[in-house]
Every structure is written in structure tokens, then in C-alpha cells.
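Residue numbers (the numbering used here): 786 to 1249. We put the CB at the ideal spot given by N, CA and C, even for glycine. Since the structure is predicted, the reported quantities are computational estimates derived from the model, not experimental observations.
Structure follows, in C-alpha cells:
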């Protein structure tokens, strides 16, 4: 009997993140420890580096085998706020899902858009873009499984649902029009007015929006015409039959109330985030209150609410675990004390170069640095104090430097393994399948982003 050869299988998300942790350990053996002096920036209230004071240091705590495994626990501790919010929001959203409100709502939309399913993709893609513009980031995670459900209901595969959510969020987050965590922090660090230069960022938003939408359009068109071309074709063929046999759900008054409440919660969440700097505690509290209201609307007893809530929270356990492991990578990075050394070496490469080459090096460096440091604001406080004096020497406007940093940070947030594992876990999509779908989209965005940076530099994008 012949043995069938198994092709290459992409490792599980946990294995990928554990390997990334191991990579940090190996890098720490090669790159010497170093650190910049930290000073308080009064404009932001954050500790930032003093670019004039760098020194190599003796590593206080070399990473041991025990440290490697301790980092898993420490990563869970540092990621607890995100994980807790994800559990709470997902549990509450599942109450609405089990009630049939989402199913009835989607069916109602489909009845108005017969044979125009892609128009619904455009609507939800745009909603996720808006989430990104508002700087939601992890706050939009609870809606990712819902996006996959919408993709299925429209007769598409899991990749489409993941794409409209992840690409949409990436487009909005990268443009940074109202993103406090990237644009806001970076502009404050270099003394620019908050959210200044919005016109150029709006142009970037339109460019990235179109690139992402075209990627979705051609993929949707391809798999509708020939389901065999789906990246996840085995699942798609089964799912397609399920959708065809799905029973119709009535749009009852309670379901209408539930959906109205859901829209109201999203609006309140957006207002809270933009106007009142809400973070995870406030968002979690909002959803707990909404969960209680849903229990009343659907006439569920407290035990039923708790049971359904637990089922919904359990669905995202894998993604929550991935958040902990992703934070473990950062924990080891901090212990290794190599981030400042990497930035110091990069700064040395920039001096003596012309403006365009300098911007290209910065753009590529931030893109690669995003592999190691996922946090947008975390990168800003490390990198921007270095770039600020460099821009003055080379006559590059601070606004151009902020834009370059922003584009380098945003596009690869759902490309590099460390930062893409959580959203992909929520969508239950493998990293290999995601890469097959997104590489052209993100490749196009990266090229477009640098062209926009060159244009910004040529027109003197400012105010300074």
C-alpha cells in the first residue's frame, strides 16, 4: 500500500508565535544590548528617548530557558486588558447572533441586493475602514467573526469575510486621519498640531481604499464564477450548500430592537473613543450593559444569558491565547534590551543620505521594525525623537516624517506573523491562506504609500 505524501502544512498560530519568541532569543545573542536615556515628554506625558545619549550596556538579565517560558505567563498578564475585553464583547455579540437577529438582518439586506452581493461587501468593508480611521485596532476584533458570517451569507468563502474586516481595518488605521495611537502620538512628539495635514491623509485613504476594494472585487468575482478557485475550496464547497439550504428568519420586533441597540452601541463606542479617550475598561462596561439589555429584549432568564455568553466567549479563546503569546514576544524583546541598539544602528545609516533615499530607508526600516514592535505608539516614542533632528538637518518636514512612519507601521500590521495571528485566529483562517490572498493587495499599498511620501516631500507637506 502506497503512502500518500503530505504537502507542507503551515504551523499552528501558537507554534509560529513560540518560534518568534525563540527568534528574539537568538537575535539577543547577536545584537548587543544598548539603551538611550529616557526623558519625560511634557506634550504627551510619555517617556521618550534622548537621541543624543546612547550607550551599550551589559545585559542585566540574559534570557534563560526559564525566562523563555515565563514570558508566556508575563505576556498573558500584559495582554489581559485586550483579552478580557475580547471575551466580554464576543460573549455579548453571540447573544445577538443566537437570537437570530444577525441572520434575519443579513437576509433582509440580501433581499434588497439580489444578484448584487458585492455591494454588501462594499458596505461592510467601508464600515471596517471607518473603524480603522477612528483608531479602533484591537477594539474592532470582536466584529471579525461576524464579518466571516456575513461573507458566508453572501455566498462567498471565509477569505472574503476575513478580507473585508482585516483589509478594511488596515486601510483605515494606516491612513491615520483620526488615529490617536499613531498619528496623534507621533505629531505630538515632533510638535505638530494634532491631526494636522488631514488632506494628504484623506488622499492616502482613498488610494488604499480603492486598492483593497479592487483586491476583494477580483477575488469575489473569481470564486463566484468558479468555486474551485477559492483559496479554501474544500470548506467553501460545503459552506455554499449550507447557505443555499438555510431557512428564512423572520424580522421580529425583538430582533429589530436588538439590531438597533447594536448600532447604537457601535456609535457610542466610536464617540467615546474619539471624544472621551475611552479604552478597554469603558468598552467592556458598555458591552456588559448591552448584554443585560439583550437578555431583557429577548426574554432570556439570567442563566440562559450566562450560558450563551460563555459559549460566545469560548469561541474566541484561541485568539485570546494568541494575544497572550504575541505579548510574550514583546516581553522577551524588552528583556533582551536590543530595540534601542537597532534604532541606533539605523540612525547611523541615515546621516549623509539625500532626502528621497533617507525617506526610503526610514520607510523600509519602520516596515521591518513592525515585525518586532507591533505597537504603533510604542514605535513612535522610540523612533520619532531620532527622526525629528534628522529631518531638520536634511530639510525634510516633520509632517512628511510622521506620514512615512505611519505608512510603514500600518500596512504590515496584518501581514507580519506576530500582528496578524490574532485577527486570523478570530476569522479561523490560516496564515498561508491569508498570504495567498493579501500579498498583492498589501504589495500595491506599499508601493502606493512610498509614492505618496515622495509627493508629500515634493509639495512641502506641512505646516512644517
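request  = Could you check what DSSP says for residue 842 in three-state terms: helix, strand or coil?
outcome  = coil
key: Member of 1151, 960, 1222 and 1139 whose CA lies at the smallest distance from the CA of residue 1127   = 1151
query = residue 1111: which of 864, 1155, 1069 and 1221 sits nearest, CA to CA?
reply = Across the set 864, 1155, 1069 and 1221, the C-alpha of 864 shows the shortest separation from the C-alpha of residue 1111.
request  = Consult DSSP for residue 1033 and reduce its assignment to one of helix, strand or coil.
outcome  = coil
query = Do residue 821 and residue 836 come within 9 Å of each other at the CB atom, strictly closer than that value?
reply = Inclusion of residue 836 and residue 821 in the CB contact set at 9 Å is warranted, their separation being smaller than that value.
ask   = Pick from 1068, 841 and 833: whose alpha carbon is nearest that of residue 868?
value = The shortest C-alpha separation from residue 868 is found at 1068.
CA-to-CA distance, residue 880 to residue 1041, given in whole angstroms = 14 Å
message = Taking contact to mean 3 or more Cβ pairs, one atom from each stretch, closer than 8 Å, check whether the region 1197-1204 and the region 949-966 are in contact.
response = yes
query = So who's on the other strand from residue 832, going by DSSP bridges?
reply = In the DSSP output, where bridge partners are listed per residue, residue 832 has 825.
request  = Taking residue 1201 as part of the alpha helix (DSSP H), name the residues at either end of that continuous run.
outcome  = For residue 1201, no alpha helix (DSSP H) segment is defined, and its DSSP state is neither H nor E.
task = Take residue 1097 and list the residues in its own chain whose beta-carbon comes closer than 6 Å to its own, dropping the five residues that flank it on each side.
result = By the criterion of a C-beta distance shorter than 6 Å, residue 1097 is surrounded in its chain by 875, 876 and 879, once the five residues flanking it on both sides are discounted.
query = Excluding sequence positions up to five away, which residues of its chain have a Cβ less than 8 Å from the Cβ of residue 1073?
reply = 873 and 877
For residue 1174, the first and last residue of its enclosing alpha helix (DSSP H) = 1161-1179
ask   = Secondary structure at residue 989, three-state DSSP: helix, strand or coil?
value = Taken through DSSP and simplified to helix, strand or coil, residue 989 comes out as helix.
DSSP-derived helix/strand/coil call for residue 882 = Residue state, collapsed to three classes: helix.
Residue 787 (DSSP reduced to helix, strand or coil) = Bear in mind that the predicted position of residue 787 carries a pLDDT of just 47, short of 50, making it unreliable; the figure below should be weighed with that in mind. Residue 787 falls in the coil class under three-state DSSP.
Between the CA atoms of residue 980 and residue 894 - distance to the nearest angstrom = 36 Å
ask   = Using the beta-carbon count (16 or more within 10 Å), is residue 1062 buried or exposed?
value = exposed
task = Compare the beta carbon distance of residue 1059 and residue 919 with 9 Å and say whether it is the shorter of the two.
result = yes
Three-way DSSP call (helix, strand, coil) for residue 902 in this model = helix
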